[in-house]
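Trainee:
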Amino acid sequence: MTKYMREHESYLLDAMKQNDKLVYLLEYHNRQIKWLQHERIVHLLVMIFTALLFVFSFVGMILMTNLFTLLLVLLLGVLTVTYIIHYYVLENTVQRWYKISNSLNQQIDAIGVNLHTL
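Residue numbers (the working numbering): 361 to 478.
1. Hey, could you find the ends of the alpha helix (DSSP H) I468 is sitting in?
2. Quick one: grab the DSSP three-state call for D374.
3. Hey, could you find the ends of the alpha helix (DSSP H) K338 is sitting in?
4. So M407 and Y371 are supposed to be a Cβ contact under 8 Å. How far apart are they, rounded?
5. Relative to the alpha-carbon of V454, which residue among D374, D380, Y384 and H398 has its alpha-carbon at the smallest distance?
6. Within 10 angstroms of the Cβ of T440, are there 16 or more other Cβ atoms? Answer buried if so, exposed if not.
7. By the 10 Å Cβ neighbour count, where 16 or more other Cβ atoms means buried, how is W457 classified, buried or exposed?
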């Protein structure tokens, strides 16, 4: 996923330098943003669910300490941290992509193309 995001961003930034097909780039990029927003909301829900399971298993470990609950807490702890890191990357990528979209809009405005007539 992160590889795809880096490749898309690199492609977009290179294409923006050429000042060619800016309207197409904006439409394409906005579709990618929508897709990434969907991905982000799904990962947010999974992260919240995983974090809740971690908290419940931690409480369970406190109430009845045994090897199973300890392993469950460790597993869910690692999984929760992994989801938090991944969600952090997704969130920052979306924020960067918003800025790229704004830059594309500014470039299109600078060359005098009216997006509302297209």
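All C-beta atoms in this analysis are idealised placements derived from N, C-alpha and C, irrespective of residue type, glycine included.
Mentor: For this structure:
1. L427 to A470
2. helix
3. In the structure displayed, the chain extends from 361 to 478; residue 338 sits before or after that span and is not available.
4. Wrong, their Cβ atoms sit about 28 Å apart, outside the cutoff.
5. H398
6. Buried, since its Cβ has 16 or more Cβ neighbours within 10 Å.
7. Burial call: buried.
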